[in-house]
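Shown next, in structure tokens, is the structure this report addresses.
In the working numbering, the protein residues as written are 4 to 148.
What follows is the structure, encoded as structure tokens:
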């Protein structure tokens, strides 16, 4: 059991740093801030974080920011507002990273999602698997379509 204590302690510190990223993604945080949260040197921290999570802390921070940007774009917020709200400094770099990760620009993503939401309002049954709709007998109820 004494051999496991250091591993558990190290893992908790890494989780603490990950939670710090999740909570503060919208702030101008950098590697030093994140490594300080885990009480590691930044190079040791990068190596440990990548071993546990499969990506560097910076890659994870970008992923969290893009995921939160997706949620905000679905609400129809202006792209520039979303960019700054999730912690990016430049609309150009935000758009490039967003496109690299999602394979479409923020504007196209937003347009597609808003169109999808409108279609869901028009005919929700179209977005529910047929087997589930049959089980609930929603296919017979024309008011639901």
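Don't be surprised by glycine CBs; every beta carbon is placed ideally from N, CA and C.
query                                                                            : result
Minimum C-alpha distance to residue 17 - residue among 44, 140, 29 and 88        : 44
Boundaries (first-last residue) of the alpha helix (DSSP H) holding residue 60   : 60-77
Residue 23 versus residue 38 - alpha carbon distance                             : 10 Å
Residues near residue 117 in its chain [Cβ-Cβ closer than 7 Å; skip 5 each side] : 79
Minimum C-alpha distance to residue 130 - residue among 138, 120 and 139         : 120
For residue 3, three-class secondary structure by DSSP                           : No information on residue 3 is available, as it lies outside the stretch 4 to 148 that the chain covers here.
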